[in-house]
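Sequence order for the protein chains is Z and C. Per our numbering, the first sequence starts with residue 1, numbered consecutively. Per our numbering, the second sequence starts with residue 1, numbered consecutively. Each residue gets a CB set at the ideal place from its N, CA and C atoms; glycine is no exception. In what follows, a single structure is set out as structure tokens and then discussed.
Number of protein chains: 2
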Amino acid sequence: MEKRPYEFELERINALIKERGARRVGLQLPEGLKTVAIEIAAEISTETGVDVILSGSSCYGACDVDEKLARTVDILLHFGHSENTFRKHFLSKERTCAKKEYNSFGNAFLSKKRFVLEENYQEKVVFIELRSTVDIKPVVESAVAELTGDCAGLVATVQHVHALNEAKIVLTRSGKKVIIGKSSNVTYDGQVLGCEFSSALVPCDEILFIGSGSFHPAGLARYTGKRVIAADPFTMQISIFEPETMRKKRYGVIARARDAKSFGIIVGMKSGQFNLSEALALKRKAIAKGLAAHLIAMDEITEASLLGFKVDAFVNTACPRLAEDYVHFNKPVLSVNEFEVVIGERGWEGIWP
Amino acid sequence: MEKRPYEFELERINALIKERGARRVGLQLPEGLKTVAIEIAAEISTETGVDVILSGSSCYGACDVDEKLARTVDILLHFGHSENTFRKHFLSKERTCAKKEYNSFGNAFLSKKRFVLEENYQEKVVFIELRSTVDIKPVVESAVAELTGDCAGLVATVQHVHALNEAKIVLTRSGKKVIIGKSSNVTYDGQVLGCEFSSALVPCDEILFIGSGSFHPAGLARYTGKRVIAADPFTMQISIFEPETMRKKRYGVIARARDAKSFGIIVGMKSGQFNLSEALALKRKAIAKGLAAHLIAMDEITEASLLGFKVDAFVNTACPRLAEDYVHFNKPVLSVNEFEVVIGERGWEGIWP
Numbered sequence: 001m002e003k004r005p006y007e008f009e010l011e012r013i014n015a016l017i018k019e020r021g022a023r024r025v026g027l028q029l030p031e032g033l034k035t036v037a038i039e040i041a042a043e044i045s046t047e048t049g050v051d052v053i054l055s056g057s058s059c060y061g062a063c064d065v066d067e068k069l070a071r072t073v074d075i076l077l078h079f080g081h082s083e084n085t086f087r088k089h090f091l092s093k094e095r096t097c098a099k100k101e102y103n104s105f106g107n108a109f110l111s112k113k114r115f116v117l118e119e120n121y122q123e124k125v126v127f128i129e130l131r132s133t134v135d136i137k138p139v140v141e142s143a144v145a146e147l148t149g150d151c152a153g154l155v156a157t158v159q160h161v162h163a164l165n166e167a168k169i170v171l172t173r174s175g176k177k178v179i180i181g182k183s184s185n186v187t188y189d190g191q192v193l194g195c196e197f198s199s200a201l202v203p204c205d206e207i208l209f210i211g212s213g214s215f216h217p218a219g220l221a222r223y224t225g226k227r228v229i230a231a232d233p234f235t236m237q238i239s240i241f242e243p244e245t246m247r248k249k250r251y252g253v254i255a256r257a258r259d260a261k262s263f264g265i266i267v268g269m270k271s272g273q274f275n276l277s278e279a280l281a282l283k284r285k286a287i288a289k290g291l292a293a294h295l296i297a298m299d300e301i302t303e304a305s306l307l308g309f310k311v312d313a314f315v316n317t318a319c320p321r322l323a324e325d326y327v328h329f330n331k332p333v334l335s336v337n338e339f340e341v342v343i344g345e346r347g348w349e350g351i352w353p
Numbered sequence: 001m002e003k004r005p006y007e008f009e010l011e012r013i014n015a016l017i018k019e020r021g022a023r024r025v026g027l028q029l030p031e032g033l034k035t036v037a038i039e040i041a042a043e044i045s046t047e048t049g050v051d052v053i054l055s056g057s058s059c060y061g062a063c064d065v066d067e068k069l070a071r072t073v074d075i076l077l078h079f080g081h082s083e084n085t086f087r088k089h090f091l092s093k094e095r096t097c098a099k100k101e102y103n104s105f106g107n108a109f110l111s112k113k114r115f116v117l118e119e120n121y122q123e124k125v126v127f128i129e130l131r132s133t134v135d136i137k138p139v140v141e142s143a144v145a146e147l148t149g150d151c152a153g154l155v156a157t158v159q160h161v162h163a164l165n166e167a168k169i170v171l172t173r174s175g176k177k178v179i180i181g182k183s184s185n186v187t188y189d190g191q192v193l194g195c196e197f198s199s200a201l202v203p204c205d206e207i208l209f210i211g212s213g214s215f216h217p218a219g220l221a222r223y224t225g226k227r228v229i230a231a232d233p234f235t236m237q238i239s240i241f242e243p244e245t246m247r248k249k250r251y252g253v254i255a256r257a258r259d260a261k262s263f264g265i266i267v268g269m270k271s272g273q274f275n276l277s278e279a280l281a282l283k284r285k286a287i288a289k290g291l292a293a294h295l296i297a298m299d300e301i302t303e304a305s306l307l308g309f310k311v312d313a314f315v316n317t318a319c320p321r322l323a324e325d326y327v328h329f330n331k332p333v334l335s336v337n338e339f340e341v342v343i344g345e346r347g348w349e350g351i352w353p
């Protein structure tokens with residue numbers, strides 16, 4: 001078997017299965033890794049004799065645990081994401097604390113008032129972070145030429161955070177100043193999530209992101225307002241993300257929502273995205289302004305799932321990134337902050353930090 | 001407000017909400033009726049003062065209750081489907097009974113061993129059948145010309161079953177013999193579901209179906225092996241479904257699966273479609289034949305959700321109709337019976353009654 005680009009920690013997993021005496025084990029992999037799911041399932045099953053059940057549902061983050069599968073198995077192995085700090089807050093029983101914490105988008109993502117739908121499956125979920133086994137130094141060496149300033153904020157997805165110090169050494173040798181930011185909202189220094197970029201809030205003019213795809217760097221550019229250089233250690237590709245390009249799209253959507261008279265307030269039903277109390281508060285705000293507002297609960301927010309609902313615009317209280325970059329929606333789909341701009345409760349300048 | 005084509009029973013609903021002292025009410029409507037969801041929500045909300053939450057997820061039948069929403073609200077109104085008899089069996093606590101009952105497809109749909117994932121939300125679900133307010137006599141009069149034999153089995157979806165006797169009068173006056181079949185698996189005489197056609201098993205050469213769309217009549221033709229005349233009271237359209245056309249498609253899929261060495265056994269995670277014990281049994285059968293088999297759990301079975309899994313073919317233990325008519329899959333997706341033909345445990349002639 002050829003070397004895998006990620007460390008699946010199968011030895012640790014097999015030991016854990018045997019230790020807990022599990023009979024049924026669920027596996028949940030992010031979209032990009034579903035192609036190795038059958039192979040991993042076969043290895044675990046052969047080694048431990050358990051029945052493995054693969055999750056065939058989408059999986060976009062630690063906020064997106066397959067709850068139904070978790071309830072069906074003895075252990076659910078959730079690959080590719082680190083256990084988020086919100087979940088820790090929640091499990092530490094600070095639920096009644098009214099203090100809100102705000103994530104990068106000013107949404108109450110890390111608020112202790114946000115809660116998961118159910119608790120009884122949570123102890124079964126084991127997060128396997130999938131550390132990359134690929135050397136990041138070569139792509140960082142290539143990225144140096146694209147850095148225009150003297151100082152760069154250095155960030156990565158969880159698969160590469162363990163190698164950020166190696167990247168820092170490469171950059172320092174090239175004469176660059178590097179800052180790996182800290183944040184209490186993520187597990188590791190310099191780590192970014194799709195909805196949480198505060199470790200990129202460092203006093204540098206640009207950001208070097210280590211990871212794959214454009215989802216994270218696009219969000220980084222819009223959130224920080226800084227130029228982002230994205231370096232992919234797997235493809236060796238370097239891409240540039242300009243903040244104004246990212247932000248303009250959202251200004252356009254906000255402008256289109258200004259004439260809306262009726263809103264669909266989306267309640268995300270994925271456990272880590274559920275925030276009914278915020279959705280109810282937004283509904284009451286809309287009604288107080290003389291607008292119509294209706295709550296709509298859904299797991300997957302797609303154009304097809306919104307199509308039938310006869311409202312002028314939507315507000316998304318689920319994953320703050322859902323509507324922003326990739327999914328095309330015909331009607332405006334606003335974030336919570338953007339909705340507050342539309343109803344006159346927040347200025348344009350207050351959408352992002 | 002113009003007259004609705006269905007009876008939404010809003011007076012009964014509003015009375016029920018007040019009687020139960022509900023504060024939050026969920027509404028779940030089938031795909032075709034999502035366009036009136038906002039209007040219905042507004043009416044209920046205005047009349048009772050409750051917070052209404054609409055389900056934005058797909059809804060294909062009484063087997064497809066939005067569980068997460070049910071747990072979030074005090075009452076979940078599930079529109080357009082009748083409470084199925086399986087659910088009644090289940091609630092009558094006959095769960096330990098080992099006797100299996102087979103649905104139209106020979107699958108254990110009504111088996112008492114099939115169970116829902118959770119019980120704690122079930123008392124909250126209220127089924128509203130949505131009886132049609134449209135006169136079915138005109139379309140039945142049109143359909144007479146298409147009936148080639150002297151005797152027709154008369155069936156309808158739950159929206160029209162209350163009018164089957166009127167249809168029978170029209171047909172009898174035209175000199176036709178009509179049989180409205182009975183089945184213990186459905187609520188009403190002559191009723192058909194997408195997965196349950198046994199009330200069409202009557203000694204006639206053809207079937208007259210009253211309802212919309214081609215999902216039910218296509219299944220009726222394949223299952224009964226008889227010519228089906230579909231009469232839509234809303235559009236006044238008459239369509240003919242020939243059994244051989246419907247069956248040939250499935251023979252083709254079975255033939256393509258004969259060389260498969262590895263199978264993905266799909267476990268449906270919608271509560272009324274969940275049957276892990278059957279999926280596990282099929283996995284063991286496959287392995288005993290020297291084939292590889294992997295369990296894959298999912299809510300929505302789509303080409304995209306199967307795409308990443310590296311197996312040669314799939315077996316569907318969820319809704320038996322899912323793979324048959326409408327959804328295009330690149331790899332073969334077999335029903336349980338069809339899989340048993342492929343592994344040599346059942347003859348071709350045993351796929352349908």
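Residues of the region 51-69 of chain Z whose Cβ lies closer than 9 Å to any Cβ of chain C, in chain order: D51, V52, I53, L54, S55, G56, S57, S58, D66, E67, K68, L69.
Looking only at I179/Z, L193/Z, V178/Z, the smallest Cα-Cα distance to N185/Z is reached by L193/Z.
Closer than 9 Å at the C-beta level to chain Z, one finds these residues of the region 16-45 of chain C: R24, G26, L29, E31, G32, L33, K34, T35, V36, A37, I38, E39, A41, A42, S45. Interface residue (Cβ-Cβ distance to chain Z less than 9 Å): T72/C is classified as such.
In chain Z, no part has a C-beta under 9 Å from the C-beta of G213/C; the shortest such distance is about 16 Å.
Residues I296, M298, I301, F314, V315, N316, T317, A318 of the same chain have their beta carbon placed closer than 7 Å to that of I266/C, with the five preceding and five following residues left out of the count. Here T187/C has S82 as same chain residues with Cβ atoms under 6 Å from its own Cβ, once five neighbours each way along the sequence are excluded.
Under the 10 Å beta carbon count, F127/C is surrounded by 16 or more other beta carbons and is classified as buried. With fewer than 16 neighbouring CB atoms inside 10 Å of its own CB, G175/Z falls in the exposed class. The three-state secondary structure of S271/Z, taken from DSSP, is helix.
Counting only Cβ-Cβ distances below 7 Å, K310/C has contacts in chain Z at T35, I38, in chain order.
By the Cβ neighbour-count rule, S142/C is exposed, with fewer than 16 other Cβ atoms within 10 Å of its own. For the C-beta of D259/C, not a single chain Z residue is nearer than 8 Å; the gap to the nearest is close to 18 Å. Ranked by how close their Cα comes to the Cα of G80/C, the residues T235/C, V36/C, E242/C, T72/C have V36/C in first place. Here the C-alpha atom of P332/C lies approximately 54 Å from the C-alpha atom of A288/Z.
Only residues of its own chain outside the window of five on either side were considered, and among them K176, K177 have a CB closer than 7 Å to the CB of D150/Z, listed in chain order. With 16 or more other CB atoms across the displayed protein chains lying within 10 angstroms of its CB, P320/C is buried. Looking from the CA of K285/Z, the closest CA among K168/Z, V161/Z, P233/Z, F339/Z belongs to F339/Z. No Cβ-Cβ contact shorter than 9 Å links G272/Z with G26/Z.
Between G290/Z and chain C, the shortest Cβ-Cβ separation is not below 9 Å. Just so you know, the alpha carbons of D189/Z and I238/Z end up roughly 22 Å apart. T148/C sits away from G211/C, with the two beta carbons spaced by 9 Å or more.
Burial state of R222/Z is buried, judged by a 10 Å Cβ sphere holding 16 or more other Cβ atoms. Secondary structure at V178/C: strand, using DSSP grouped into helix, strand and coil. About 5 Å separates the Cβ atoms of A152/Z and L208/Z, confirming a contact at the 8 Å cut-off.
Three or more Cβ pairs closer than 8 Å define a contact, and the region 42-61 of chain C meets that threshold against the region 13-25 of chain C.
For M298/Z, the pairing in a beta bridge is given by DSSP as G268/Z. The alpha carbon of E166/Z has as its nearest neighbour, out of C195/Z, A145/Z, D135/Z, the alpha carbon of D135/Z.
By DSSP's assignment, F127/Z forms a beta bridge with H78/Z.
One finds L54, G56 in chain C with Cβ atoms closer than 7 Å to the Cβ of I296/Z, taken in chain order. Setting aside the 5 residues that flank it on each side, I38/C is surrounded in the same chain by L54, each with a C-beta closer than 8 Å to its C-beta; the list follows chain order.
In the DSSP annotation of this structure, the continuous segment of the beta strand (DSSP E) that includes E206/Z starts and ends at 206-210.
For secondary structure counted as the beta strand (DSSP E) over 3 or more consecutive residues, the region 313-345 of chain Z holds these complete runs in sequence order: 313-316.
Taking CB atoms only, I266/Z has a neighbour in chain C less than 9 Å away. Residues of chain Z whose Cβ lies closer than 8 Å to the Cβ of L280/C are, in chain order, D51. Residues of the region 168-199 of chain Z with a Cβ closer than 8 Å to any Cβ of chain C: none.
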